[in-house]
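According to the working numbering, the sequence shown is numbered sequentially starting from 92.
Quick reminder that beta carbons are idealized off the backbone N, C-alpha and C, glycines included.
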Amino acid sequence: MPTADWFAQFAAGEARGISPVYERLALAVSGDDVLLGLLESVPPPKRQPNLLFGVVRLLGGPVDDPAAFHDFTVANWAAVEAQLRIRATQTNEVGRCALLLPVLAGLPQPLALLEVGASAGLGLFPDRYRYRYGGHTVGNGGPVLECDLTGAPPPATLPRVVWRAGLDLNPLDVTDPADAAWLEALIWPEHDHRRERLRAAAALAAADPPVLVRGDLVDDLPGLAAQAPPDATLVVFHTSVLYQVPAPRRTAFIDLVRGLPGHWISVEGADVVPHPELPAPPGTELHNVLALDGTPLAWTRAHGQGMTWIGAQVRLP
92 MPTADWFAQF AAGEARGISP VYERLALAVS GDDVLLGLLE SVPPPKRQPN
142 LLFGVVRLLG GPVDDPAAFH DFTVANWAAV EAQLRIRATQ TNEVGRCALL
192 LPVLAGLPQP LALLEVGASA GLGLFPDRYR YRYGGHTVGN GGPVLECDLT
242 GAPPPATLPR VVWRAGLDLN PLDVTDPADA AWLEALIWPE HDHRRERLRA
292 AAALAAADPP VLVRGDLVDD LPGLAAQAPP DATLVVFHTS VLYQVPAPRR
342 TAFIDLVRGL PGHWISVEGA DVVPHPELPA PPGTELHNVL ALDGTPLAWT
392 RAHGQGMTWI GAQVRLP
């Protein structure tokens, strides 16, 4: 879509009601011919609002005042453009584990987890976080992940994970100050709770680093999946990743992952991994679809803050 429309849609569909700072900023950029013109110099995928805002924050620029943001970005465009070209939105949002837990807890245990687009691998520890679904709490470990769950009972137990590995074109290391700074730059300005749980999850991962492999989601997935222990249920999963993958490559990945042993969990936009005859989402905000082996289960919010089960619950294996 045109870049101006992308920023306007981001303001209305993703930031509204969640980040007034980013809503105001995205609306301003959508009507800023100078900034839109500069963005034309980078490939379309690199014009993503989240990416631009994260890069400017990484470089020390302001985001709370659209005029100051404009001035900083124009004055420092060479540095901004260079970062846009080498960066990706690797938001390692551990809150999305709350969306995965109801499915993971219901699969045959123990589990071997393989995350595609793993970033720093913080999503590979769903068994070590604490979850709060309304008044129901699961687990007693470190950061608390809160999720409004509608249409299904909350999970009663945590999964048992015996192997965990991540695949990413550019894995991040939480013990590297530069990588840690990029992860924090991707957290939206007002979201102090997300920043705190990112740091808590990063400390957990630093103490027990997961296996993170630099590789392609099609070419290198079979080899990594083959390393999973045979007596564990392999679960390949990804959350808000495939929108960054070109459509033909996305199709190749879906065909590949369907043929692997075990199970496939996706949390992606309905236009990214399409599902026929989906009911309307429960609100006007941006929603993704949680699916197991291609069967849609729930509408989910972007940062894991809520999920609404779709129709009758699907019986898990």
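Is it the case that the Cβ atoms of residue i and residue j are separated by a distance below 8 Å?
i	j	result
V364	A382	yes
N163	G145	Contrary to the premise, residue 163 reads as Phe rather than Asn in this sequence. Their beta carbons are not under 8 Å apart, which means F163 does not touch G145 by this criterion.
Q396	D283	no
G186	R285	yes
V304	D310	no
L205	A316	yes
P250	H227	no
A319	A203	yes
V133	E172	yes
L143	L118	no
A256	P301	yes
Y222	G230	yes
G208	Y220	no
A271	A293	yes
I356	V326	yes
Name the one or two DSSP bridge partners that residue i has.
i	result
N379	G360, T391
Y334	Note: Y334 sits in no beta bridge, so no partner.
D239	G397
V327	L205, W355
T386	L383
Y113	The partner list for Y113 (beta bridge, DSSP) is empty, contrary to what the question assumes.
Roughly how many angstroms separate the alpha carbons of residue i and residue j, rounded to a whole number?
i	j	result
G212	L263	8 Å
E184	H329	12 Å
A103	L260	30 Å
P370	I401	8 Å
P352	L258	17 Å
P367	E359	14 Å
V348	V332	14 Å
E131	A298	42 Å
N379	D362	9 Å
R288	P234	5 Å
V252	Q200	8 Å
R107	T375	10 Å
L198	T399	20 Å
Using three-state DSSP, classify residue i as helix, strand or coil.
i	result
T180	coil
L308	coil
H284	helix
R107	coil
E206	strand
R219	coil
G152	coil
G314	helix
P199	coil
V234	Note that residue 234 corresponds to Pro in the displayed sequence, not to Val. Strand at P234.
L303	strand
Between which two residues does the beta strand (DSSP E) carrying residue i extend?
i	result
T228	227–229
E275	Segment 268–276 is the alpha helix (DSSP H) holding E275; no beta strand (DSSP E) there.
Could you spell out where the alpha helix (DSSP H) holding residue i opens and where it closes?
i	result
W254	Premise fails: W254 lies in the beta strand (DSSP E), 252–259, not in any alpha helix (DSSP H).
L127	124–130
T248	Element bounds for T248: n/a, residue is neither H nor E.
P157	157–166
F98	94–100
For chain B, is any of its Cβ atoms less than 8 Å away from the one on residue i?
i	result
P250	Given the protein chain composition of this structure (a single chain), no chain B is represented.
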